[in-house]
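S.K.: Below are the structure tokens for one structure; questions will follow.
In the numbering used here, the protein residues as written are 1 to 227.
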């Protein structure tokens, strides 16, 4: 029996069955075929999604740690502003990792805090984090790990001088102090997002590969504050 004849025979069998019997018959005799089709579809979908995702470019990734707004904040305006400032195209990505909480006191550290710490470590080790926005305690928690870029080397001279009295200095591995973070109290962060910290600091991860976009993001935050 060829394929055409087999299809005709199956059609005749189904013709005289009730809908309930048809469903049972199709499932009973063709479930493995359907499973194979489903598996093939999933494989093709995963491959297609992976290839499509590779066509995107991550321009900037940041982590917001210890936001005390109680869920009242929104990073949507910040995202929109940064996309405009960085002249992002359709397939350019800005990632904002939210909901991270880190208690630097090991005696009171919760499981959620450990999970946040693990996520931060994974982002940094994978080269997937450029900017950290958090409080002073968290900045200092990582200061002995050579975690931050020296802002004197990153910022243009005019912006550095403008922000000089808002810088937070930390000790590096050889014991000298470097300007590793800048206070965002006078920036547009709170007005744009409602994020609450006392105060918020921005630090640039030393392993970043997006220095131009990081610089543009900092310039955007402080430029828009006076608009």
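By construction, the Cβ of each residue, glycine as well, lies at the ideal position given by its N, Cα and C atoms.
(1) To the nearest angstrom, how far is the alpha carbon of residue 85 from that of residue 60?
(2) Less than 9 Å between the C-beta atoms of residue 79 and residue 65, yes or no?
(3) Are residue 208 and residue 75 close, meaning C-beta to C-beta below 9 Å?
(4) For residue 57, which residues from the same chain have a beta carbon less than 8 Å from its beta carbon, with the 5 sequence-adjacent residues on both sides left out?
(5) For residue 151, which residues from the same chain have a beta carbon less than 6 Å from its beta carbon, with the 5 sequence-adjacent residues on both sides left out?
(6) Taking Cβ positions, are residue 215 and residue 154 nearer each other than 9 Å?
(7) Do residue 134 and residue 200 count as a contact pair if the criterion is CB distance below 9 Å?
(8) Within its chain, find whatever has a CB closer than 7 Å to the CB of residue 88; leave out the 5 residues flanking it on each side and keep chain order.
(9) Can you tell me whether DSSP reads residue 225 as helix, strand or coil?
(10) My guess is that residue 203 and residue 148 are in contact by the Cβ rule of under 8 Å, so how many angstroms apart are they, rounded?
(11) How far does the beta strand (DSSP E) with residue 257 in it reach, from first residue to last?
(12) When you compare each of 101, 181 and 175 to residue 160 by their alpha carbons, which one comes out closest?
(13) Work out the CA separation of residue 34 and residue 184 for me, nearest whole Å.
(14) Measuring CA to CA, which of 169, 212, 63 and 164 is closest to residue 186?
(15) What span of residues does the alpha helix (DSSP H) with residue 167 cover, start to end?
(16) According to DSSP, is residue 59 part of a helix, a strand, or is it coil?
(17) Is residue 188 close to chain B? Criterion is C-beta to C-beta, closer than 9 Å.
(18) Work out the CA separation of residue 189 and residue 206 for me, nearest whole Å.
(19) Output the boundary residues of the beta strand (DSSP E) element that contains residue 202.
M.R.: To lay it out plainly:
(1) 12 Å
(2) no
(3) no
(4) 91, 92 and 93
(5) 179
(6) yes
(7) yes
(8) 59 and 94
(9) In this prediction, residue 225 scores a pLDDT of 47, lower than 50, which makes its location untrustworthy; the coordinate-derived value is nonetheless stated afterwards. Residue 225: helix per DSSP, three-state reduction.
(10) 5 Å
(11) This structure gives no information on residue 257, because the portion of the chain shown stretches from 1 to 227.
(12) 181
(13) 57 Å
(14) 164
(15) Note, residue 167: premise wrong, no alpha helix (DSSP H); beta strand (DSSP E) at 167-171.
(16) strand
(17) Checking the listed chains, one finds no chain B in this structure; it contains a single protein chain.
(18) 22 Å
(19) 201-204
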